[in-house]
Structures are given as C-alpha cells and as structure tokens.
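Protein chains in written order, with the working numbering: chain E, 1 to 363; chain U, 1001 to 1091.
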Amino acid sequence: MKYIDEYRNPDLVRSLSAEIQRKITRPVRIMEVCGTHTMAIFRHGLRRILPEKLYLVSGPGCPVCVTPPGLIDAFCKVAGRRDVITATFGDMIRVPGSSGSLADARAKGADIRIVYSPADAIQIARDNPEKLVVFIAIGFETTIPLIAASILQAYREDINNFCIFPANKVMPPALETLMKDTSLNLDGLLCPGHVSIITGSEAFSFLAEDYGLSCAIAGFEPADILLAILALMEQINEGSYRVDNCYTRAVTAAGNLKARELVQEVFTPVDSRWRGLGTIAGSGLVPKGKYADFDVTRRLAIQVSEIDEPPGCLCGEILKGMKRPSECPLFGKNCTPSAPIGPCMVSNEGTCAAWYRFGVESI
Amino acid sequence: MCLAIPMKVIETSGGTDSLTDPPVAIVDADGIRRKVRLDLVDRMPGPGDYLIIHAGFAVNCLDAREAERSLELMNEIASSVPHVRHRTCSN
Ligand code: SF4
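Laid out in structure tokens, this is it:
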C-alpha cells in the first residue's frame, strides 16, 4: 500500500539503523511519547535493530492509561443509570476502576455500546430519543476535533439527548510537567505524529527552548521512526535543541487550523488529573458557553472523586518513564492482558500490554 | 486508539451545506472501503489523494510532494553520502 510499503522497505530500515549505530557515541535516553509509537516500535522489531546504548522510555501517550481510576468509577456510575446509554471506544471498556470496569457494569445490565467514532454515538442518540446517550470522551489532540465536530453537529441538529463525559487531555502541559522532573534525565523526545498533525510542530518548540530537549516529530512506519531517531542523534551530538519535523508529509509548523478552530469554538481548558502525573493545570477540556449542556457532569451534577491506584500497580511510574513493566512484581504473573490490574496492561497501546505481547522479559 | 492509517480517496461528495450536506469521501485501503467525514481537513482532497483517517474523520490530507522528498532523503542516507546532508529533517 502506498505510504506504507515504501517506509517498511527492509533495506532502507537496515541502512537507517546502521546510520544510527554510527552516530551514537554515548548512552542516550529517548522518550517516545505516543502509545502508537510504542506499539509500532515493538511490532516492527525496532528494539532489536537499535544500538544497545539507545535507551527507549515510553511516555504518557496512551489515552486510556492516563485516565485516573476515580474517573472510571464515575463512568461506571453514569453507565449504570437506566435512562442512559453509554457509548465508548473499545479500548476503555475493560479498564478497571476501584470497583470494576465498564465491561463489569455491562454484565450487570448497563447499556454500553462500543463505537468506532463519536459520530456513531450521535446516531445512537437519534435512534433512542428516550435515552440520554453519553459518549466517553477520552483521547488527545487527534481525537478532540472529532468530538468537537460531533458536539457541533448535535447542537445544530438539536439532538438534546447526546452528551459527552469530558475526559480528553492535551499533551504539551503534561510534557512540561514531566520535563520539570529532572530525574528523568532525557536527552531527546520522539514527538507524537498524529497529535502534531493537529497542533503543528511549533507546539513542541517550548520543550527545546525552555527545557533544553532535542525533539523530533515522527511518523509511524519503521523508516519514519528511525529517521526521527537519527535526527535526534544528530542534535544530541551537536548539542543543539530544536524540533525537527521528520513527518512532513502530514505535519506542518502550524498544524490543522480548521480542526483547532472547531476545538476552540466548543471547548475551554480546565485542570485535569492524570494517572501517575497528578492534576495538571489547563490539560483538560470541557464544553463551554452554549455547548456546556453537552457535558454530562454538568447535566447530571456528577462528582468525580480521587481514588488511589490499584495496590502494587506501577502504571503511574511507567507512564512517567520512571519504571519499566519488568520492574513491576505483578507483571505477567498476577497481571496479564486477560486479567489486567492496571490500564497499562489493558490498552493495546499500554506499555505493559506491549511488553507482554511481544515477550520482552527484561531489556 | 489513535491508530490512524492513510487511505486513498475514491470520490468525494457533499459539502453544499455544512448542516444538511457535510462533505464526505469514500476512501479505500487494500480493498476496504469506508465513508469518512471531511469536516476537519484544512485542504479539500480529490480522487487519488491520501487521507489520514481517525475514528471516522479525515484529520489530514497527505502532501505527496513532501512524501517524495522525505523518501528521497531516507534513500540518500541509506545509500550513505552522509556529508552532503545539512540536516536530517526540516524544522
Ligand atoms: S504489569 Fe499490571 S500491575 Fe504492573 S504496572 Fe503494568 S498494569 Fe500495573
């Protein structure tokens, strides 16, 4: 397939990794922020062809994983109401809160439907005028514009029985919080490709300028990822800090302005709690002004409480890049994808799930 | 969850009215066809263009010229003339 096969060409991949091998002079720590990158790196076996001195750390880029347990409890509580149909992305359904997951709520009779798109939730609302349809709005910058577009559609079409449970998050404030923690000791950052389509590469320049971090935006095919790592290696060797855009076929400096206008029209920033990172100012979004009634927490006056992580689970530390799954005593023993304890083992993009699936015991 | 793949535009339709007739495209990847919304793209695609699709919406129309340039760059690195390069990626 075009735009896929050419970036998977084995000769190209081998040559790029050889070039990285030549460029690396000292141990280097690079964080891949995005869960889709984590998965792509495993799926294409890139760890095996990268130098040992290159230490890849996974970051907080799995939307399901950063959703705190108190919020999951609140999702389940709303889902349990008889007057509600809950619509959610499939990833969220098995993530446990403190008293079960949405899947458990469904087993107890809650009407919960897995949707591919928020637009599908609007259709469910049209088909079920007597019910309130609540879309669980998780996801980062790539997903937020689609949710904004769906709210706008519901507003224009007067679909009053549709609303969202706001749980979206934006990346830059979370990365800033992470970078303030100097114990992470990062040399470089592989910036998320699809988030950057919307935000533009400029959204990450503060990390280079204020935090002295070498940054490169990467696509998701093997050659894309290797090219970005190579760009990082060159910056690190030169001692320079900037954002290199290595995904120019999709990402521009300013991003997708149309999508961002829609987001600004519908949402306003609020403080938001992240698993592992705590509450981060301005990192969440809720519908504002004439769209405020599309917020189910407002419509049904829902309180979200703060609840501790599952005992023994290191997801919080893993999301910060401080620990690796193999350091969790529950990994692969008490916690597996079929019986997950923490979200990092549930989501396809979760670091623990990736390590389990690809059989990484210790690296 | 953020899986987003490039799909080829077969045809576009709609767009006369954002409320009653929003723009959509029929896209194809490996014989799998889908109808996707175009509300979010900042450049309207035509047949043969590639879109990055996420959860039923196109979030971006790929830039074919940039794609060619980056492939050239990759191949140049692969064929190992490292010194002619100024910088690996643009910024
Ligand atoms: S292995 Fe399970 S318990 Fe351990 S950190 Fe990962 S998700 Fe949490």
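The C-beta atom is built at its ideal place from N, Cα and C for all residues, glycine as well. Values in this document were obtained by computation on a predicted structure and should not be read as measured data.
### Task
Please list the partners that U:D1021 has in chain E, where partner means a Cβ-to-Cβ separation under 7 Å.
On the second sequence, position 21 is the one that residue 1021 of chain U refers to. Within chain E, not a single residue places a beta-carbon under 7 Å from that of U:D1021; the smallest gap is close to 12 Å.
### Query
For E:V195, which three-state DSSP category applies?
By 1-based counting over the first sequence, the position of residue 195 of chain E is 195. In the three-state reduction of the DSSP assignment, E:V195 falls in the helix class.
### Message
I'd like the span of the beta strand (DSSP E) that includes U:I1053, first residue to last.
### Response
Counting from 1 along the second sequence, the entry for residue 1053 of chain U is found at position 53. Start and end: Y1050 to H1054.
### Query
When the Cα atoms are used, what is the spatial distance from E:A125 to E:D293?
Counting from 1 along the first sequence, the entry for residue 125 of chain E is found at position 125. Counting from 1 along the first sequence, the entry for residue 293 of chain E is found at position 293. Their Cα atoms are separated by approximately 15 Å.
### Message
Quick check: is any heavy atom of the ligand SF4 less than 7 Å from the C-beta of E:P118?
### Response
Translated into the one-based positions of the first sequence, residue 118 of chain E becomes position 118. Relative to the ligand SF4, the beta carbon of E:P118 is positioned no closer than 7 Å to any heavy atom.
### Contacts of E:M1 in chain U (Cβ-Cβ under 7 Å)
Sequence index remark: in the first sequence, residue 1 of chain E carries index 1 (1-based). Chain-order list of chain U residues neighbouring E:M1: A1029 and D1030, by C-beta distance under 7 Å.
### Message
Could you tell me the alpha carbon to alpha carbon distance between E:L257 and E:R82, rounded to whole angstroms?
### Response
Start at 1 with the first residue of the first sequence, and residue 257 of chain E comes out as number 257. Start at 1 with the first residue of the first sequence, and residue 82 of chain E comes out as number 82. If I take the Cα positions, the gap works out to 40 Å.
### Message
Within a Cβ cutoff of 8 Å, which residues of the same chain sit near E:D271, ignoring the five residues on either side of it in sequence?
### Response
For the purposes of this step, residue 271 of chain E is identified with residue 271 of the first sequence, where counting begins at 1. The beta carbon of E:D271 is closer than 8 Å to those of T279, I280, A281, G282, S283 and G284 in its chain, skipping five residues each way along the sequence.
### Query
Can you give the Cα-Cα distance for E:K53 and E:N185, rounded to whole angstroms?
The residue given as residue 53 of chain E occupies position 53 in the first sequence. The residue given as residue 185 of chain E occupies position 185 in the first sequence. Within the model, the alpha-carbon separation for E:K53 versus E:N185 is close to 14 Å.
### Query
In chain order, which continuous runs of the alpha helix (DSSP H) of length 4 or greater are located wholly inside the stretch 281 to 329 of chain E?
Runs of the alpha helix (DSSP H) inside the stretch 281 to 329 of chain E: 296 to 299 and 315 to 319.
### Message
So for E:R8, helix, strand or coil by DSSP?
### Response
On the first sequence, position 8 is the one that residue 8 of chain E refers to. DSSP places E:R8 within a helical segment (H, G or I) once states are collapsed to three.
### Query
CB E:L230 to CB E:E19, shorter than 8 Å?
Mapped onto the first sequence, residue 230 of chain E falls at position 230. Mapped onto the first sequence, residue 19 of chain E falls at position 19. Yes.
### Query
So is E:Q264 buried or exposed if we call it buried at 16+ other beta carbons inside 10 Å?
Along the first sequence, one-based indexing puts residue 264 of chain E at 264. Flag for E:Q264 reads exposed.
#### Entry: E:T38, enclosing alpha helix (DSSP H) - first and last residue
For the purposes of this step, residue 38 of chain E is identified with residue 38 of the first sequence, where counting begins at 1. G35 to R43 is the extent of the alpha helix (DSSP H) around E:T38.
### Message
Under 8 Å, with one C-beta from each stretch per pair, do the stretch 94 to 108 of chain E and the stretch 1010 to 1022 of chain U reach the 3-pair mark?
### Response
These segments do not touch.
### Query
Pick from E:P310, E:G109 and E:V13: whose alpha carbon is nearest that of U:A1078?
Translated into positions along the second sequence, residue 1078 of chain U becomes position 78. Per the Cα distances, E:V13.
### Task
Give a yes or no on whether 8 Å exceeds the smallest Cβ distance from E:N334 to chain U.
Indexing the first sequence from 1 puts residue 334 of chain E at position 334. Cβ-Cβ to chain U under 8 Å: no for E:N334.
### Task
Could you pull the start and end residues of the alpha helix (DSSP H) that E:A353 belongs to?
Counting from one through the first sequence, the residue named residue 353 of chain E turns up at place 353. It spans T351 to R357 - the alpha helix (DSSP H) in which E:A353 sits, taken as one unbroken run.
### Task
Anything with a beta carbon under 5 Å from a heavy atom of the ligand SF4 counts; list them all in chain order.
In chain order, the qualifying residues are E:C313, E:L314, E:C315, E:C328, E:L330, E:F331, E:C335, E:I341, E:G342, E:C344, E:M345 and E:C352.
### Query
What are the start and end residues of each continuous alpha helix (DSSP H) run of 4 or more residues lying completely inside the stretch 68 to 135 of chain E, in chain order?
Segments of the alpha helix (DSSP H) lying fully in the stretch 68 to 135 of chain E: 69 to 79, 102 to 107 and 118 to 127.
### Query
Comparing alpha-carbon positions, which option in E:Q303, E:D181 and E:P118 lies nearest E:P145?
Residue mapping note: residue 145 of chain E aligns to position 145 of the first sequence, counting from 1. Residue E:P118 is the option with its Cα nearest to E:P145.
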